[in-house]
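First residue of the sequence shown: 12, per the numbering used here; consecutive thereafter.
Here a beta-carbon is modelled for each residue, glycine too, at the ideal position from N, C-alpha and C.
Following: one structure in structure tokens, then a few remarks.
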Amino acid sequence: MTPALKSITVYRSLIGLGVGLATMSTLVAVPVAHASPADPGLKSKIKTVMADPRVTRARSGAIVLDASDGRKLYVRKATRSVTPASNNKILTAVTALHVLGPKYRFKTQVIRRGRVSGHTLEGNLYLKGYGDPTLRQSDLAALAKKVRAAGISTVTGKLAVDASFFDSHHYNSGWDKSYAGDYYAAPVYGLTLAPDADYNAGTVQINYAPGSAAGKPARISFTPAAAKSYLKVSTKVTTAKRGAATTFSASRSYGSATIKLRGKVARGRSTGHALVTVSRPDLLAAAVFRSELAKAGVAVRGGTRSITAPARSRTVIAQDASMTLSKLLVPFLKLSNNSHAEALTKAMGARKGRRGNWTDGLSYTKAYLRHLGVRSKVIRLKDGSGLSRSDKLIPRAVAKVLYRVQRASWFPAFYAALPVAGNPKRMVGGSLSDRMRGTAAADNARAKTGSLTGVTALSGYVRGRDGRRYVFSMISNYSGASPRPVEDKLVRTLADRRR
12 MTPALKSITV YRSLIGLGVG LATMSTLVAV PVAHASPADP GLKSKIKTVM
62 ADPRVTRARS GAIVLDASDG RKLYVRKATR SVTPASNNKI LTAVTALHVL
112 GPKYRFKTQV IRRGRVSGHT LEGNLYLKGY GDPTLRQSDL AALAKKVRAA
162 GISTVTGKLA VDASFFDSHH YNSGWDKSYA GDYYAAPVYG LTLAPDADYN
212 AGTVQINYAP GSAAGKPARI SFTPAAAKSY LKVSTKVTTA KRGAATTFSA
262 SRSYGSATIK LRGKVARGRS TGHALVTVSR PDLLAAAVFR SELAKAGVAV
312 RGGTRSITAP ARSRTVIAQD ASMTLSKLLV PFLKLSNNSH AEALTKAMGA
362 RKGRRGNWTD GLSYTKAYLR HLGVRSKVIR LKDGSGLSRS DKLIPRAVAK
412 VLYRVQRASW FPAFYAALPV AGNPKRMVGG SLSDRMRGTA AADNARAKTG
462 SLTGVTALSG YVRGRDGRRY VFSMISNYSG ASPRPVEDKL VRTLADRRR
């Protein structure tokens, strides 16, 4: 007798982030508009801070608003077009909340097509992705178990992977090709996999340790371990004597599938690891899923192919659902995760009825900015993360967005996901963990950082000692000393403000 085939959804949530979404409403009160008087004292203090040569010698703009009514309290070249780096993620996050909704979940499906005879599927088994950048090995393991629970132990056909929810332009044309192997520039696929708790999708973790003696090969392994069956690796890593320097590198060139491991690992050193992108995240996911199927007692006789799943005459056996968007915002914004930004951008693009792509996704961002009162001619968007140097914004536009979204129903989720100045907890302080500690801005300012070579940015919210909440945005493009310390001074000045 053939067991009934069941469609099962596995839901996932983000645990241990240090932010309880149920209590987010207590973190921020949406301000009620009221007239704020002119504050020449505050303006004077900020002007003194901004007179720093690191600012005056840079292409830098800054603006401060009263968060309650949007009144401009300080403006310095805030309409100057600059490369924003990861301040772009502010726009992507708020647009995704508006377009997709805070309860949006990415999904991944296992689909069968063919007749099931006994415990044998006579046909292909499909793994179809819908862009989930948080999919991990444990999720594929859960899906594999559901396949076995559905009564299938043998697949006569192939393991087919379907990444067609997103288009075939996987590497943004605005990204420098030298970034290709770096974890923050992973190719964007409709089916991808993350090897770590930071959800760095499209990468694999290389683990290294010294060998048995100096001169011997170092020990190399991979996370997920099943990635080894997919990866093409060139390894020239040896063991160095105790006390020597460890010089390990993992790289991949644009257009190449080969990962190059080079260097030396000193004796006596504990295991280290590095992330590197893979050329085909969908095939990496397939290799890991095949391994998990085998562990679950499901044998796939055929090979692996990239095929679009049939639209008809198919059965969804199991489905995985990611954490909600409101929860995904935490690792996305706290850790400034580029893969999340691009997946969300393409997911928005897919709402137009086509395969998710940057052009359609960014059209939603631009439309939402217009809705918020930001003129489209002052912005230029090439991607969702800000990795492209072709992205252009003005600080005034960023500040206007931050001010206007305060009244959105989903604002508490956005606010809670912003990095918190000086908080050492990684999933609270994020990229601001080590900044402004021991000041009035610590555990107070919530802001998004931005960083590229020659670019620094900080935009967000802070409450002064006077009880007033401020919106600020400072973005700088520079060639000399970084204005980043001045960003902190600006925020501290606002946090220290007394009536």
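Closest to residue i by C-alpha separation, out of the options, would be which residue?
{"i": "Ala519", "options": "Ala212, Asp187, Asp207, Gly185", "result": "Limits of the chain in this structure are 12 at one end and 510 at the other, which puts residue 519 out of reach."}
{"i": "Thr341", "options": "Ala310, Val158, Gly440", "result": "Checking the sequence, you will find Val at residue 341 rather than Thr. Taking only the C-alpha atoms, the option nearest Val341 is Gly440."}
{"i": "Lys436", "options": "Arg407, Thr376, Lys345, Pro496", "result": "Lys345"}
{"i": "Arg509", "options": "Tyr489, Gly478, Leu84, Asp499", "result": "Gly478"}
{"i": "Ala297", "options": "Lys188, Gly266, Ala171", "result": "Ala171"}
{"i": "Thr234", "options": "Tyr219, Ala224, Val248", "result": "Tyr219"}
{"i": "Asn135", "options": "Lys388, Val327, Phe425", "result": "Val327"}
{"i": "Asp50", "options": "Asp193, Gly72, Val86, Arg70", "result": "Val86"}
{"i": "Gly384", "options": "Gly279, Val416, Ile101", "result": "Val416"}
{"i": "Ile390", "options": "Ala424, Leu380, Ser396", "result": "Leu380"}
{"i": "Val311", "options": "Arg68, Thr335, Val158", "result": "Val158"}
{"i": "Leu242", "options": "Pro228, Ala229, Ala268, Ala261", "result": "Ala268"}
{"i": "Asp63", "options": "Glu498, Ala506, Ala451", "result": "Glu498"}
{"i": "Val166", "options": "His109, Gly125, Ala378, Leu463", "result": "Gly125"}
{"i": "Thr450", "options": "Leu108, Arg476, Gly465, Ala427", "result": "Arg476"}
{"i": "Thr335", "options": "Phe425, Arg362, Thr67, Ser317", "result": "Phe425"}
{"i": "Ala492", "options": "Ala408, Lys54, Thr67", "result": "Thr67"}
{"i": "Gly360", "options": "Thr59, Arg82, Thr106", "result": "Thr106"}
{"i": "Tyr10", "options": "Asn349, His109, Lys100", "result": "Nothing about residue 10 can be read from this structure; the chain reaches only from 12 to 510."}
{"i": "Ser333", "options": "Asp143, Thr504, Ser396", "result": "Asp143"}
If I measure Cβ to Cβ from residue i and keep anything under 6 Å in the same chain, skipping five residues before and after, which residues do I get?
{"i": "Ala174", "result": "Gly140, Tyr200, Gly201, Leu202, Asp293"}
{"i": "Phe343", "result": "His351"}
{"i": "Gln120", "result": "Lys139, Val327, Gln330"}
{"i": "Tyr265", "result": "Lys188, Ala191"}
{"i": "Gly168", "result": "Gly134, Asn135, Gly313"}
{"i": "Arg147", "result": "Ala205"}
Give me the DSSP bridge partner(s) of residue i.
{"i": "Lys139", "result": "Gln120, Asp173"}
{"i": "Val311", "result": "Val166"}
{"i": "Phe526", "result": "Any question about residue 526 goes unanswered here, given that the chain covers just 12 to 510."}
{"i": "Ser260", "result": "Arg273"}
{"i": "Leu469", "result": "Thr460, Met485"}
{"i": "Lys83", "result": "Leu76"}
{"i": "Ile217", "result": "Phe233, Ala285"}
{"i": "Val93", "result": "Leu404"}
{"i": "Gly441", "result": "Its beta-bridge partners do not exist; DSSP assigns none."}
{"i": "Arg316", "result": "Ala171"}
{"i": "Gly367", "result": "Phe177"}
{"i": "Glu498", "result": "Answer by DSSP bridge pairing: none, since Glu498 is not bridged."}
Let me know if residue i comes out buried or exposed under the rule of 16 or more other beta-carbons within 10 Å of its beta-carbon.
{"i": "Asp80", "result": "exposed"}
{"i": "Gly226", "result": "exposed"}
{"i": "Thr319", "result": "exposed"}
{"i": "Ser281", "result": "exposed"}
{"i": "Ala89", "result": "buried"}
{"i": "Thr460", "result": "buried"}
{"i": "Thr515", "result": "This structure gives no information on residue 515, because the portion of the chain shown stretches from 12 to 510."}
{"i": "Gly364", "result": "exposed"}
{"i": "Gly52", "result": "exposed"}
{"i": "Asp445", "result": "exposed"}
{"i": "Ser484", "result": "buried"}
{"i": "Gly433", "result": "buried"}
{"i": "Ser487", "result": "buried"}
{"i": "Gly283", "result": "exposed"}
{"i": "Ser517", "result": "Past the edges of the chain, shown from 12 to 510, lies residue 517, and the structure says nothing about it."}
{"i": "Ala506", "result": "buried"}
{"i": "Arg253", "result": "exposed"}
{"i": "Ser302", "result": "buried"}
{"i": "Pro430", "result": "buried"}
Pop quiz: residue i and residue j are said to be a contact at Cβ under 8 Å. What is the actual Cβ separation, rounded to whole angstroms?
{"i": "Pro221", "j": "Ala468", "result": "Actually they do not touch by this definition, with Cβ atoms about 41 Å apart."}
{"i": "Ala237", "j": "Thr145", "result": "That belief does not hold up - the Cβ atoms of Ala237 and Thr145 are roughly 19 Å apart, past 8 Å."}
{"i": "Tyr489", "j": "Arg70", "result": "7 Å"}
{"i": "Arg185", "j": "Asp371", "result": "Before going further, note that residue 185 is Gly rather than Arg in the sequence given. About 16 Å separates the two Cβ atoms, so there is no contact after all."}
{"i": "Ile74", "j": "Pro496", "result": "The pair is not a contact, with the Cβ atoms about 19 Å apart (cut-off 8 Å)."}
{"i": "Val473", "j": "Ala452", "result": "6 Å"}
{"i": "Ala329", "j": "Leu154", "result": "5 Å"}
{"i": "Leu413", "j": "Asp402", "result": "That belief does not hold up - the Cβ atoms of Leu413 and Asp402 are roughly 17 Å apart, past 8 Å."}
{"i": "Leu355", "j": "Thr103", "result": "6 Å"}
{"i": "Val502", "j": "Asn98", "result": "No, Val502 and Asn98 are not in contact; Cβ-Cβ is about 14 Å, not under 8 Å."}
{"i": "Val93", "j": "Leu404", "result": "7 Å"}
{"i": "Ala378", "j": "Gly367", "result": "Their Cβ separation, rounded to whole angstroms, is 16 Å, which puts Ala378 and Gly367 out of contact at 8 Å."}
Could you pull out every residue in the same chain whose Cβ sits closer than 7 Å to the Cβ of residue i, ignoring the five residues on either side in sequence?
{"i": "Ala44", "result": "Confidence at Ala44 is low in this model, with a pLDDT of 41, below 50, so its placement is unreliable and no value can be given for it."}
{"i": "Ser324", "result": "Arg124"}
Within the same chain, show all residues whose beta-carbon is closer than 8 Å to that of residue i, passing over the 5 residues directly before and after it, in chain order.
{"i": "Ser164", "result": "His130, Thr131, Gly308, Val309, Ala310"}
{"i": "Lys275", "result": "Ala229, Val248, Thr249, Thr250, Ala251, Ala255, Ala256, Thr257, Thr258, Phe259"}
{"i": "Ile270", "result": "Gly192, Val215, Ile217, Leu242, Lys243, Val244, Ser245, Ala261, Ser262, Arg263, Val287, Val289"}
{"i": "Ser399", "result": "Asn183, Gly185, Trp186, Lys393"}
{"i": "Ala458", "result": "Leu429, Pro430, Ala432, Leu443, Leu469, Ser470, Gly471, Tyr472, Val473, Phe483, Val502"}
Say the cut is 7 Å; is the CB of residue i nearer than that to a heavy atom of the ligand ZN?
{"i": "Phe483", "result": "No copy of the ligand ZN occurs in the structure displayed, which carries no ligand at all."}
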